[in-house]
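This report concerns only the one structure given below.
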Amino acid sequence: MPDTESTDPPEMRTEQDHSRSNKLHTPRHCNTDTGGDVDYRWRGEVSDDELVDLTLSHGGNPESGWWDRIRAHSLGWVTGRLPDGALIGFVNVAWDGSDHAFLLDTKVNPEHQRGGIGTELVRRAADGAARAGCTWLHVDFEPHLRGFYFDACGFRPTDAGLIALR
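According to the working numbering, the sequence shown is numbered sequentially starting from 1029.
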């Protein structure tokens, strides 16, 4: 197969199409130190139960059935798994169907945090969004994650607005 990007819409692309992200370089602004023992996959298989467990691992409040409801609406996602298949990291990428992608639900099991796994999940999510033709990747986060997103992942501050709906 030639080393060119698929022209199929993202939802029609295969894992083989997305595996090309492994050939992309790590941008200077992303610090990774994963030791090579994590298998990262763009649009990798992941179950709702696995995401519930990952969310619970860091004290989150998972909603059973969430992933099954929203998966079809995502541009893509990145999974991080140990050699035994255990899911230890995940990030979802929503989009507007054109220029804007949105990073959501970045999660790393607490036993595996601070080793570059989250940064690598975000890097691969950015690569996937760029390959889909997006121009911008947006993220919002709680203040204690500022260093992660700005320093480790290379996001920059920007003006934005928010309306609380509940």
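Ideal Cβ placement from N, Cα and C applies to all residues, glycine included.
Check whether residue i and residue j have beta carbons under 7 Å apart
i: LEU1149; j: GLY1113; result: no
i: VAL1106; j: ARG1152; result: yes
i: GLY1125; j: TRP1070; result: no
Buried versus exposed call for residue i [16 or more other C-beta atoms within 10 Å across all chains shown]
i: THR1134; result: buried
i: GLY1108; result: buried
i: GLY1156; result: buried
i: ILE1191; result: exposed
i: SER1075; result: exposed
Cα-Cα separation, residue i to residue j
i: LEU1132; j: ASP1065; result: 24 Å
i: GLY1088; j: ASN1137; result: 11 Å
i: TRP1123; j: PRO1185; result: 20 Å
Proximity to residue i [Cα-Cα], best of the options
i: ARG1200; options: ASP1127, GLY1175, CYS1162; result: It is not possible to answer for residue 1200, since the shown part of the chain is limited to 1029 through 1194.
i: PHE1183; options: LEU1165, ARG1099, PRO1171; result: LEU1165
i: VAL1080; options: VAL1167, LEU1190, GLU1091, ALA1188; result: GLU1091
Any C-beta of chain C under 7 Å from that of residue i
i: ASP1168; result: You won't find chain C in this structure, because it holds only one protein chain.
Would you mind listing the alpha helix (DSSP H) stretches within the segment 1104-1169 that are 4+ residues and don't spill past its ends, in chain order? 1145-1159
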